[in-house]
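Structure record follows, encoded as structure tokens.
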Amino acid sequence: MLRAALFALVSLLALPVAQAEWLYREAAIMGTRCTVELWSIDRAAGNAAIDAVFEEFRRIDRLMSTYKPDSEISAVNARAAQAPVKVSKEFYDLIAQSIEYSKLTRGAFDITYASVGYLYDYREQVHPDEARIAAALPGINWRHIELLPARTAIRFRRPGVRIDLGGIGKGKVALRLPLEDAAISTSGDYERYFEEDGVRYHHILDPKTGKSARKVRSVTVITDTATRSDALTKSVFIMGAEAGIAFINTLSDVDAIAIDPTGKVHYSRGLAPP
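Numbers 50 to 323, taken from my numbering, label the letters of the sequence shown in order.
Written as structure tokens, this is what we have:
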């Protein structure tokens, strides 16, 4: 028995050592830079895994991009004010989750921000004037979204409502932290923006005003899922550093870091320095 075991061990030691390596790839999807990096001892298998991740990115983009006229979200925005629009279970469930986050954050998170948000074009450096904001602002209210579970359909209770899932369907990371079985998202006013006459117009809009939020420069949230971390970064951004961190401290499964306009860093209870 011992002799056989020793023979097996020597045989294993004689095998060539697998060459493990980091594999990295990036692509522009969902209007942002998506990157995948993984450690693999099999280059072919690792590249196949990266292919699968990017295909999932593209699938979600086809489903939820407001820039694609044949996406589900484009169909909802075009027709839901006139009649219920049947959608996939996946899309329906994400809208339902979005509404739950609106309730949890008392409206700080609101996917109907797009009712005004669509008037901004950050690439072309276009922003609406006060009159256009005032005219479109009544469309921002998550309560305008009606869910019809029996039909897996969505209806808007009034015209002028649009939704956008950029605040819950994707997230960017600006910090490197050791994580295991957790998700991290970062939102900042430096991601999609332009400046005009000393004013920064960025993509995180306050649902109450239809204008770029000014109380925070950057928010990072760590929690159990990317959907949750993404939604909560936007919520803290709208609330402001102090109120946002106080809100995060009421949630047992979330931690956050917020940087206010003065550069001061605010930490939730679980991340506070000693």
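Yeah, the Cβ is synthetic: ideal placement off N, Cα and C, and Gly gets one too.
Given a cut-off of 7 Å on the beta-carbon distance, is the pair residue 268 and residue 285 in contact? In the sequence shown, the residue the question calls residue 268 occupies position 219. In the sequence shown, the residue the question calls residue 285 occupies position 236. Against a cut-off of 7 Å, the Cβ pair of residue 285 and residue 268 comes out as a contact.
Less than 7 Å between the beta carbons of residue 315 and residue 290, yes or no? Your numbering for residue 315 matches position 266 in the sequence shown. Your numbering for residue 290 matches position 241 in the sequence shown. Cβ distance < 7 Å, so residue 315 and residue 290 count as in contact.
Between the CA atoms of residue 74 and residue 152 - distance to the nearest angstrom: Working through the sequence shown from its first residue, we reach residue 152 at position 103. Working through the sequence shown from its first residue, we reach residue 74 at position 25. Residue 152 and residue 74 have their C-alpha atoms roughly 38 Å apart.
Compare the C-alpha of residue 309 against each of 264, 254 and 93 and name the closest. On the sequence shown, residue 309 is found 260 positions in, with the first residue counted as 1. Out of 264, 254 and 93, 264 has the C-alpha closest to the C-alpha of residue 309.
Residue range of the alpha helix (DSSP H) that residue 165 falls in? Within the sequence shown, the letter at position 116 stands for residue 165. Counting along the chain, the alpha helix (DSSP H) containing residue 165 begins and ends at 163 to 166.
For residue 165 versus residue 259, is the C-beta distance shorter than 7 Å? Taking the first residue of the sequence shown as position 1, residue 165 is located at position 116. Taking the first residue of the sequence shown as position 1, residue 259 is located at position 210. Yes, the pair counts as a contact, with Cβ atoms nearer than the cut-off.
Over the uninterrupted alpha helix (DSSP H) stretch that includes residue 304, give me the two end residues. Numbered from 1 along the sequence shown, position 255 holds the residue referred to as residue 304. Note, residue 304: premise wrong, no alpha helix (DSSP H); beta strand (DSSP E) at 304 to 308.
Provide the residue span of the alpha helix (DSSP H) that contains residue 282, from first to last. Within the sequence shown, the letter at position 233 stands for residue 282. Where residue 282 is concerned, the enclosing alpha helix (DSSP H) stretches over 275 to 288.
Distance, residue 68 Cα to residue 266 Cα: Reading the sequence shown from its first residue, position 217 is the one you call residue 266. Reading the sequence shown from its first residue, position 19 is the one you call residue 68. For residue 266 and residue 68, the distance between alpha carbons rounds to 42 Å.
Coarse secondary structure for residue 324, derived from DSSP in three states: Since the first residue shown for the chain is 50 and the last is 323, residue 324 is missing from the structure and cannot be characterised.
Which value, in whole angstroms, describes the spacing of the CA atoms of residue 105 and residue 138? In the sequence shown, the residue the question calls residue 105 occupies position 56. In the sequence shown, the residue the question calls residue 138 occupies position 89. Looking at the two C-alpha atoms, the distance is approximately 17 Å.
Is residue 223 helix, strand or coil when you go by DSSP? Taking the sequence shown and counting its residues from 1, one reaches residue 223 at position 174. Residue placement at residue 223 cannot be trusted, given a pLDDT of 44 that sits under 50; what the coordinates show is reported in the next sentence. If DSSP states are grouped into helix, strand and coil, residue 223 belongs with coil.
Going by DSSP in three states, residue 245 sits in which element: helix, strand or coil? Counting from 1 along the sequence shown, the entry for residue 245 is found at position 196. Strand at residue 245.
Where the alpha helix (DSSP H) containing residue 127 begins and where it ends: Sequence index remark: in the sequence shown, residue 127 carries index 78 (1-based). Its alpha helix (DSSP H) spans residues 121 to 128.
Using a 10 Å radius around the Cβ and a threshold of 16 neighbouring Cβ atoms, would you call residue 299 buried or exposed? Within the sequence shown, the letter at position 250 stands for residue 299. So residue 299 counts as exposed.
Is the beta carbon of residue 233 sitting closer than 7 Å to the one on residue 271? The residue given as residue 233 occupies position 184 in the sequence shown. The residue given as residue 271 occupies position 222 in the sequence shown. In contact: residue 233 and residue 271 (Cβ atoms closer than 7 Å).
For residue 221, I'd like the list of residues in its chain whose CB is within less than 6 Å of its CB, leaving aside the five on either flank, ordered along the chain. As a working note, residue 221 is residue 172 in the sequence shown. Taking residue 221 as the centre and dropping the five residues before and after it, the same chain places the C-beta of 235 closer than 6 Å to its C-beta, in chain order.
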